[in-house]
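A short worksheet on the structure shown next.
Protein chains: 2
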Amino acid sequence: MSSDGRRPPYFLGIDLGGTNIKCGVVDDSGTALTSIRIATEADRGPEFGIERLAEAAHMAVDAGNLGWDDVAAVGLGSPGTMDLSRGMLLEPSNLPGWDHFPLRDRLAERLGKRTFLQNDANAAALGEHWVGAGRQSTSLILFTLGTGIGCGIIHEGRIVDGRHSHGGECGHMIIQADDGRLCSCGRTGHLEAYASATSLVKRAAEALAEDDAPSLLRELAPEDLTSQAIDRAWREGDALASTLMRETARYLAVGAVSVMHTIDPDLILFGGGMIGSGRPFLDEIRSQIHSMTFAMLARAIRVEFAALGGDAGFIGAAGYARGALVGPH
Amino acid sequence: MSSDGRRPPYFLGIDLGGTNIKCGVVDDSGTALTSIRIATEADRGPEFGIERLAEAAHMAVDAGNLGWDDVAAVGLGSPGTMDLSRGMLLEPSNLPGWDHFPLRDRLAERLGKRTFLQNDANAAALGEHWVGAGRQSTSLILFTLGTGIGCGIIHEGRIVDGRHSHGGECGHMIIQADDGRLCSCGRTGHLEAYASATSLVKRAAEALAEDDAPSLLRELAPEDLTSQAIDRAWREGDALASTLMRETARYLAVGAVSVMHTIDPDLILFGGGMIGSGRPFLDEIRSQIHSMTFAMLARAIRVEFAALGGDAGFIGAAGYARGALVGPH
Chain A
4 MSSDGRRPPY FLGIDLGGTN IKCGVVDDSG TALTSIRIAT EADRGPEFGI ERLAEAAHMA
64 VDAGNLGWDD VAAVGLGSPG TMDLSRGMLL EPSNLPGWDH FPLRDRLAER LGKRTFLQND
124 ANAAALGEHW VGAGRQSTSL ILFTLGTGIG CGIIHEGRIV DGRHSHGGEC GHMIIQADDG
184 RLCSCGRTGH LEAYASATSL VKRAAEALAE DDAPSLLREL APEDLTSQAI DRAWREGDAL
244 ASTLMRETAR YLAVGAVSVM HTIDPDLILF GGGMIGSGRP FLDEIRSQIH SMTFAMLARA
304 IRVEFAALGG DAGFIGAAGY ARGALVGPH
Chain B
4 MSSDGRRPPY FLGIDLGGTN IKCGVVDDSG TALTSIRIAT EADRGPEFGI ERLAEAAHMA
64 VDAGNLGWDD VAAVGLGSPG TMDLSRGMLL EPSNLPGWDH FPLRDRLAER LGKRTFLQND
124 ANAAALGEHW VGAGRQSTSL ILFTLGTGIG CGIIHEGRIV DGRHSHGGEC GHMIIQADDG
184 RLCSCGRTGH LEAYASATSL VKRAAEALAE DDAPSLLREL APEDLTSQAI DRAWREGDAL
244 ASTLMRETAR YLAVGAVSVM HTIDPDLILF GGGMIGSGRP FLDEIRSQIH SMTFAMLARA
304 IRVEFAALGG DAGFIGAAGY ARGALVGPH
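Chains A and B are the protein sequences, given in the same order.
Everything in the first sequence is counted per our numbering, starting at 4 for the first residue and increasing by one.
Everything in the second sequence is counted per our numbering, starting at 4 for the first residue and increasing by one.
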């Protein structure tokens with residue numbers, strides 16, 4: 004440990020999103036020394052994107068009063084389909100125009116640092132495992148609830164990124180084989196089509212159209228019918244909002260139970276905007292999980308909220324680079 | 004290699020079932036030197052069971068003209084819920100009266116050999132990975148289709164037995180969240196409730212009761228309405244049988260796709276009695292998988308039948324003992 008409590012070596016973690024780039028310097032114990040955020044401006048394409056990532060990287064290092072030489076390696080979490088072995092993006096829907104871009108090698112070249120690419124949701128799961136809500140666990144799943152449902156799996160301390168860079172895409176598990184809802188990916192019955200924030204709003208609009216029963220949600224302008232508004236109405240005792248939130252919890256429990264019957268982790272984590280709903284929502288998910296799985300497993304599984312919020316991605320990306328250089332934390 | 008082509012050390016593999024015990028000596032290259040089968044007589048309880056397992060073990064060694072000292076270790080695959088860390092059965096539904104029995108340690112003591120306990124379906128998956136249809140793969144899932152649906156996962160060469168001895172229980176993944184069929188485990192919507200041989204017969208009986216449309220299946224006495232009979236009627240061009248078999252393939256594909264979106268293996272294997280349906284059934288599963296997953300993944304995934312038949316369990320159990328002693332194959 005250095006005299007100021009920082010533990011070298013330092014790793015630079017970057018969380019590339021369709022809207023923002025989050026970036027920070029993380030020390031060897033997983034403490035984020037700095038954290039900065041700039042707009043991605045993804046529509047300006049990948050060449051601009053590389054410059055933008057480099058800008059964010061240097062800002063994060065400068066903010067920590069560190070020199071560039073202090074950075075041992077760079078970890079980069081990215082959304083979208085990718086080929087991790089080649090460090091390539093494939094067809095990332097949140098980064099239009101970045102198709103088949105050799106993101107890892109181009110960034111490594113630009114930064115002059117060893118750079119490790121990982122799926123953003125997998126990186127977030129690793130972050131939670133390293134220094135977040137999953138510190139005590141050996142194996143965990145993190146569901147990140149937002150527009151879609153991101154997912155990352157840590158099995159025996161390591162990311163399950165799969166044989167085709169497609170591990171932990173649990174938002175696309177099929178939870179309704181017959182008459183399934185349409186998913187954003189174009190297929191049907193996927194978890195994301197039932198339990199994401201977007202799907203919750205869609206189910207709310209459908210329910211409102213179905214009958215004339217009174218509901219706080221009915222008083223909202225269509226553009227104000229958001230997952231936050233539904234959550235608020237639930238807290239205010241609205242019956243329809245309660246049904247919708249409980250259904251959401253049940254669908255999430257279905258996804259969780261299927262993963263419990265596959266990987267059998269010791270911890271299920273939920274993160275992302277929707278966990279703003281707080282403890283009653285978590286308790287509802289827990290109760291639904293308990294009703295759907297074997298008694299022994301229901302007693303043993305821990306179900307919690309994630310702890311790192313929006314920092315999980317860049318911290319986990321840094322942890323991934325660290326793991327590649329020096330081994331598991 | 005010894006002069007007769009056998010490669011020591013030798014491992015004894017045992018596949019304990021509710022009806023039969025299968026047992027064989029397996030050499031270091033995964034070749035089964037002997038294979039014997041005796042009735043379990045499970046209803047006579049676990050003390051009798053230990054004697055029965057010992058009898059099978061000695062028969063298998065004698066049949067190979069080997070001495071007991073030639074056996075380096077014993078691997079035992081068992082059905083039912085268990086606590087692998089303690090080597091205990093918990094509440095195995097196929098072994099009534101064996102609840103909370105310390106199977107591993109009692110057998111080790113009786114045989115005087117180091118003994119390693121594993122779930123039978125996990126052992127079968129390891130067997131296929133070692134010397135069966137999964138030899139070339141790094142990660143695979145084996146679905147064994149019978150009365151229920153057994154499942155084992157090999158991830159990066161190792162069994163995923165999970166944090167609560169509950170890994171690879173994919174027969175209990177939830178594939179129908181709303182209005183799901185009742186599973187043998189008492190919960191609803193599980194894969195097994197849709198795609199096991201038992202469930203196929205149940206769906207057939209329901210379809211026959213629904214209308215009077217002509218079908219070869221209608222001519223069968225109720226006790227002759229089996230998965231084999233449905234398969235036979237399908238081959239003979241019966242429309243209802245075709246619908247039922249295609250539905251079964253689709254449900255299996257749903258399970259396969261959810262695992263592909265979780266572990267992302269390179270190989271999905273199907274084994275057990277129902278694969279007697281042969282190539283058209285496999286092709287139907289493949290085609291359904293292709294329609295349900297991402298194009299890149301559909302191109303990359305291999306979907307095959309298992310190769311070891313009923314020997315997978317004891318060979319894999321031997322392989323598990325071998326792995327515990329000398330490391331991965």
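The beta-carbon is built from N, C-alpha and C at its ideal position, and this holds for glycine as well.
- Contact check for HIS103 of chain A and LEU114 of chain A: beta-carbon distance about 21 Å, past the 8 Å limit, so the pair fails to qualify.
- When C-alpha distances from ARG302 of chain B are compared across B:ALA128, B:ILE292, B:LEU311, B:ALA252, the shortest belongs to B:ILE292.
- Contact between THR37 of chain B and ALA66 of chain B holds: CB atoms are separated by about 4 Å, below the 8 Å threshold.
- Here THR265 of chain A is near THR265 of chain B, since their CB atoms are less than 9 Å apart.
- At a Cβ-Cβ threshold of 9 Å, SER230 of chain B and VAL204 of chain B count as neighbours.
- Short of 8 Å from the beta carbon of ALA208 of chain B, and not among the five residues preceding or following it, lie these beta carbons of its own chain, in chain order: PRO225, LEU228.
- For the 9 Å CB-CB criterion, ILE144 of chain A and ILE157 of chain A form a contact.
- Looking at the DSSP output, LYS25 of chain A sits in a beta bridge with A:ASP18, A:ARG40.
- Remark: C-beta atoms of HIS175 of chain A and HIS193 of chain A approach each other more closely than 9 Å.
- Annotation for GLY319 of chain B: ALA126, ALA127, LEU129, GLY130 place their beta carbon closer than 6 Å to its own, counting only its chain and skipping 5 residues before and after.
- Each of A:VAL257, A:ARG253, A:ILE233 was checked against the Cα of GLY279 of chain A, and the nearest Cα belongs to A:ILE233.
- Boundaries of the alpha helix (DSSP H) harbouring ARG289 of chain A: 282-295, taken from the DSSP string.
- Near chain B, meaning a CB-to-CB distance below 7 Å, the residues of the region 137-148 of chain A are THR141, SER142.
- In the DSSP annotation of this structure, VAL262 of chain A is not part of any beta strand (DSSP E); the continuous alpha helix (DSSP H) holding it starts and ends at 242-263.
- For the pair ALA244 of chain A and LEU220 of chain A, the CB atoms are nearer than the 9 Å cut-off.
- Interface flag for PRO268 of chain B against chain A is set, since a Cβ pair is found closer than 9 Å.
- VAL329 of chain B counts as exposed, since fewer than 16 other C-beta atoms from the protein chains shown sit within 10 angstroms of its C-beta.
- With a threshold of 9 Å between beta carbons, LEU98 of chain B makes no contact with chain A.
- The region 103-148 of chain B contains, as complete beta strand (DSSP E) runs of 3+ residues, the segments 118-122, 143-148 (chain order).
- Take the alpha-carbon of ASP123 of chain A and the one of ASP86 of chain B: they are about 35 Å apart.
- Chain-ordered listing is empty here: chain A has no CB closer than 7 Å to the CB of TYR323 of chain B, the nearest sitting near 17 Å.
- Counting only the Cα atoms, CYS188 of chain B lies some 8 Å from PHE297 of chain A.
- Contact note: ASP181 of chain A reaches chain B through GLN179, using a C-beta cutoff of 7 Å and chain order.
- When Cβ-Cβ separations below 9 Å define contact, ILE162 of chain B makes no contact with chain A.
- Minimum Cα-Cα distance from ALA180 of chain B among the listed residues A:SER140, A:ASP215, A:ALA252 corresponds to A:ALA252.
- Around ASP164 of chain A, the same chain offers LEU87, GLN121, ASN122, ASN125, GLY170, GLY171 as residues with beta carbons nearer than 8 Å, after the five sequence neighbours per side are excluded.
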